[in-house]
Amino acid sequence: MKRSNTYLARKAFLFSSLFLALSHVNAAEQSALDIYTVNYPLKFFAESIAGEHAKVTLPMPNDIDPAFWSPKAEDIAGLQQADMILLNGANYAKWLPKVSLPLFKLVNTSSEFRDAYIPLSEGVTHNHGAGGKHAHTGTAFTTWLDFSLAEKQAKAVFKALSRKNPKLNADFVQNFIPLQAALLAMDSELTEISAALQGQPLIGSHPVYQYLKNRYQLNLQSVHWEPEEAPSAEQWDGLKKILETHPAKWMVWEGQPVAETVAALEALGLKSIVFNPVANAPETGDFLTIMQENISALKAVSSTQ
Amino acid sequence: MIDSLYLAWRYIVFNRVKTITLVLCISLVSFLPFALKILLKESEQQLMSRATTTPLLVGAKGNALDLVMNSLYFSKEKPDFISMKAIEKIVDSYLALPIPLYTRFQAREYPIVGTSIDYFEFRQHSLAKGRTFAMLGECVIGADVATRLNLGVGDSILSSPENLFDLAGVYPLKMTITGVLNKTNSVDDKAVFVDLKTTWVIQGLGHGHQDVKTMSGPGAVLSRSEKLVTASAKIKQYAEINLDNLESFHFHGDSSIYPLTAIIAVPQDQKSATILRGRYLSEQKNQQIVRPKQVIEDLLSNIFQIKAFIDAVVLIVAIAMVLAIFLVFSLSFRLRQKEISTILHLGCSRFTVVQLIVAEILIIVLFSSALCYSALLVLQYFQGEIVHQLFIS
Chain A
1 MKRSNTYLAR KAFLFSSLFL ALSHVNAAEQ SALDIYTVNY PLKFFAESIA GEHAKVTLPM
61 PNDIDPAFWS PKAEDIAGLQ QADMILLNGA NYAKWLPKVS LPLFKLVNTS SEFRDAYIPL
121 SEGVTHNHGA GGKHAHTGTA FTTWLDFSLA EKQAKAVFKA LSRKNPKLNA DFVQNFIPLQ
181 AALLAMDSEL TEISAALQGQ PLIGSHPVYQ YLKNRYQLNL QSVHWEPEEA PSAEQWDGLK
241 KILETHPAKW MVWEGQPVAE TVAALEALGL KSIVFNPVAN APETGDFLTI MQENISALKA
301 VSSTQ
Chain B
1 MIDSLYLAWR YIVFNRVKTI TLVLCISLVS FLPFALKILL KESEQQLMSR ATTTPLLVGA
61 KGNALDLVMN SLYFSKEKPD FISMKAIEKI VDSYLALPIP LYTRFQAREY PIVGTSIDYF
121 EFRQHSLAKG RTFAMLGECV IGADVATRLN LGVGDSILSS PENLFDLAGV YPLKMTITGV
181 LNKTNSVDDK AVFVDLKTTW VIQGLGHGHQ DVKTMSGPGA VLSRSEKLVT ASAKIKQYAE
241 INLDNLESFH FHGDSSIYPL TAIIAVPQDQ KSATILRGRY LSEQKNQQIV RPKQVIEDLL
301 SNIFQIKAFI DAVVLIVAIA MVLAIFLVFS LSFRLRQKEI STILHLGCSR FTVVQLIVAE
361 ILIIVLFSSA LCYSALLVLQ YFQGEIVHQL FIS
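Order-wise, the sequence lines are chains A and B.
Quick note: the first sequence uses this note's numbering, first residue 1, plus one each step.
Quick note: the second sequence uses this note's numbering, first residue 1, plus one each step.
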């Protein structure tokens with residue numbers, strides 16, 4: 001009997017600690033959830049939906065691309081202590097396979113639409129070790145630039161929060177509805193803009209617009225330029241070669257390009273617009289305001305048709 | 001009585017071969033049932049302690065006992081592998097929280113347990129030194145591993161090759177120790193814990209190597225195009241993961257089919273456990289879900305059936321031994337008739353003769369008891385290790 005009691009006590013303690021957040025009676029209801037995200041869009045979604053009920057952290061510095069962050073062991077300590085870690089999926093956050101995170105707390109916000117991931121063909125094949133011949137290929141990961149997918153990711157965040165703290169479900173629903181409406185409205189607006197663009201050729205400055213191109217049927221080809229760097233002669237040659245078969249008049253940039261590049265592009269007959277994927281936290285504005293600016297920029301292009 | 005004891009002692013010392021034989025026989029017959037009881041009690045305790053705290057185990061269909069013994073006690077018998085899809089299935093069900101286990105590899109003679117950091121929380125383990133693993137290639141070692149190999153935080157330990165004769169196999173991985181667990185009095189004391197992904201690196205599913213885009217040299221690159229570089233096996237692979245080469249480590253193929261040996265499923269409640277078990281019974285053809293407690297109880301019931309048989313054998317041997325000892329003493333007294341008659345002629349009473357005989361038997365029994373008790377103390381000291389070797393490994 002004593003043994004049985006000890007077992008039950010241990011079991012109760014174990015479950016209560018493991019299901020700290022999932023259980024219906026816990027301290028998390030009183031204190032804000034500690035949530036980490038791997039990019040800014042997810043941070044925005046989590047903050048918008050959870051409101052005051054969560055402290056949402058984007059652990060990397062503001063000036064780097066979160067997908068290519070290289071965390072150190074001390075950075076991972078915070079993540080290991082989090083209540084929830086929101087992942088983008090689609091092989092986003094190249095650092096994830098190199099760190100140890102609690103499986104219990106990971107939420108892949110794009111798991112529902114795994115089939116919609118866009119594979120990348122570029123890669124390096126080599127042959128060694130037990131794996132035999134294999135290629136370094138990947139998946140396009142800026143899923144949120146397809147606003148229908150962004151809405152699904154926001155919904156995944158909402159569901160995860162509701163599961164974590166069901167008693168706050170009413171608050172989460174109240175916060176999620178306007179976010180969902182805003183994302184779906186932007187999706188509709190971009191669909192209309194894409195129709196107005198009538199297949200006008202566009203150049204992307206960086207290969208990050210795959211989902212945008214796919215959803216809104218943009219006639220877009222990408223180069224691999226950085227807005228803050230002047231392109232090399234080789235890069236200019238590459239662009240000219242593309243323009244021979246893809247007569248674009250607009251180049252879509254991730255960020256504001258340097259003036260010299262803008263001028264040189266205009267000499268080639270290419271005007272520049274910014275469509276910021278806003279993967280990291282912006283200095284001003286938020287996800288919705290910046291996306292609205294992006295949409296306005298594309299709308300301006302469509303109006304020149 | 002003291003005089004009788006003295007005379008009996010002198011007699012025993014004089015006939016030391018006969019005495020030693022008798023003492024050994026009595027000790028052995030007494031030791032066997034007690035030893036068996038101690039070992040079975042310890043094995044029951046060891047086996048049940050982890051089984052009762054592990055609610056459900058998911059693994060490949062096959063021998064449930066192998067699955068439980070490997071997952072709970074890291075025994076050398078490996079069950080068939082399942083894939084990471086099994087984890088996704090449990091996560092998507094929202095019925096239980098999964099803790100992966102991949103126990104295929106060893107470092108020296110200690111098992112490498114690939115898992116997630118949730119394992120430590122689940123087993124309520126705390127760290128005596130350092131921190132849990134945070135990066136690929138880091139490990140946490142059990143208390144006994146640290147003591148026996150004289151290792152600590154900052155040291156490193158090499159994974160052992162699976163097959164010494166596999167010259168084309170994967171290189172051993174040098175793992176950095178970031179933490180040492182407090183003593184748990186379980187098999188976790190004798191294990192090396194790493195992130196699941198680190199075990200995949202040991203297996204060769206993930207690796208780090210020099211940059212193929214920039215490497216050159218005869219035979220290093222088989223072909224090179226704008227989008228594709230084909231490198232040969234000459235490429236330099238890293239056998240240690242550190243901050244300098246961490247970036248180069250990567251995995252190939254679909255990680256959802258990467259292997260596991262088992263999943264500890266921690267259900268939210270009894271209802272969730274029942275639903276989850278039902279789903280595996282009805283839907284899964286290649287996987288099974290087992291309750292470790294039930295599997296171990298079945299094992300113990302078999303062990304106790306064997307114990308009952310052994311007890312019967314020991315009882316028969318003991319009876320035979322008592323009869324043999326009785327025979328030895330009775331023959332001994334016949335041979336000592338002259339000695340006894342001399343004692344009587346010296347004026348001693350028959351009671352004195354009885355006292356002498358009783359004293360001899362008493363001394364032999366005392367020696368046998370002392371020897372038996374000492375052997376049992378030694379057994380008790382090593383019982384954990386013996387049980388682990390006999391019943392678990």
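Cβ atoms here follow ideal geometry from the backbone N, Cα and C, with glycine treated the same way.
- Residue state for M69(B) is assigned as helix, using DSSP reduced to three classes.
- Close CB contacts of D65(A) within its chain, under the 8 Å cut and outside five residues either way in sequence, are with A279 and N280 (chain order).
- Shortest Cα-Cα distance from P55(B) to any of F122(B), K85(B), V187(B) and A324(B) involves F122(B).
- The closest CA to that of A67(A), considering only L106(A), A77(A), R163(A) and W95(A), is found on W95(A).
- Residues of the region 116 to 147 of chain B with a Cβ closer than 8 Å to any Cβ of chain A, in chain order: S116, I117, D118, E121, F122, Q124, R131, T132, F133, A134, M135, L136 and E138.
- Counting of Cβ neighbours within 10 angstroms places P247(A) among the exposed residues, the total staying below 16.
- Between F141(A) and N88(A), the beta carbon gap of about 6 Å places them in contact (Cβ cut-off 8 Å).
- Under the 8 Å Cβ criterion, the region 157 to 177 of chain A does not count as touching the region 189 to 200 of chain A, having fewer than three qualifying pairs.
- The Cβ neighbour count for Y6(B), taken over all protein chains shown within 10 Å, is under 16; the residue is labelled exposed.
- Listed in chain order, the beta strand (DSSP E) runs fully inside the region 272 to 354 of chain B are 287 to 290, counting runs of at least 3 residues.
- Counting only residues of its own chain and dropping the five nearest sequence neighbours on each side, D187(A) has a CB closer than 6 Å to the CB of F147 and S148.
- The Cβ atoms of V153(B) and T178(B) sit closer than 8 Å to each other.
- Ranked by Cα distance from S332(B), the first of V314(B), I117(B), I361(B) and T199(B) is I361(B).
- The Cβ neighbour count for Y94(B), taken over all protein chains shown within 10 Å, is under 16; the residue is labelled exposed.
- In the pairwise beta carbon analysis, the region 23 to 37 of chain B is classified as not touching the region 226 to 239 of chain A: fewer than three pairs are separated by under 8 Å.
- Taken through DSSP and simplified to helix, strand or coil, A96(B) comes out as strand.
- Per DSSP, the unbroken beta strand (DSSP E) holding N108(A) starts and ends at L106 to N108.
- Scanning Q81(A), K72(A), G51(A) and P257(A) for the CA closest to the CA of N276(A) turns up P257(A).
- The beta-carbon of A73(A) is placed less than 8 Å from the nearest beta-carbon of chain B.
- Burial state of A300(A) is exposed, judged by a 10 Å Cβ sphere holding fewer than 16 other Cβ atoms.
- Separation of R279(B) and A86(B) (C-alpha to C-alpha, rounded to the nearest whole angstrom) is 12 Å.
- Neighbourhood of A140(A) in chain B, by CB distance below 7 Å: empty, with the nearest CB roughly 15 Å away.
- Think of a sphere of 8 Å around the beta carbon of Q80(A): the chain B residues whose beta carbon falls inside it are I117, T132 and A134, in chain order.
- DSSP places L222(B) in the strand class (E or B) of the three-state scheme.
- For L86(A), the secondary structure class from DSSP, reduced to helix, strand or coil, is strand.
- Taken through DSSP and simplified to helix, strand or coil, E283(A) comes out as coil.
- For F251(B), the closest Cβ of chain A is nearer than 8 Å.
- In this structure S272(B) is in contact with A96(B), their Cβ atoms being roughly 6 Å apart against a cut-off of 8 Å.
- Taking the Cα of F367(B) as reference, the smallest distance to any Cα among D3(B), V13(B) and S4(B) is reached at V13(B).
- If one requires a minimum length of 4 residues, the alpha helix (DSSP H) runs lying completely within the region 22 to 74 of chain A are 40 to 50, in chain order.
- Burial of K293(B) is indicated by the presence of at least 16 other C-beta atoms within 10 angstroms of its C-beta.
- Around the C-beta of Y381(B), fewer than 16 other C-beta atoms lie within 10 Å, and the residue is accordingly described as exposed.
- Nearest in C-alpha terms to S302(A), of all of S110(A), A195(A), Y209(A) and V157(A), is A195(A).
- In this chain, the beta strand (DSSP E) harbouring I264(B) covers A262 to P267.
- Shown in chain order are the members of the region 78 to 107 of chain A whose Cβ falls below 8 Å from a Cβ of chain B: Q80, P97, K98, V99, S100, L101, P102, L103 and F104.
- With contacts defined as CB atoms closer than 8 Å, M84(B) and S256(B) qualify as a contacting pair.
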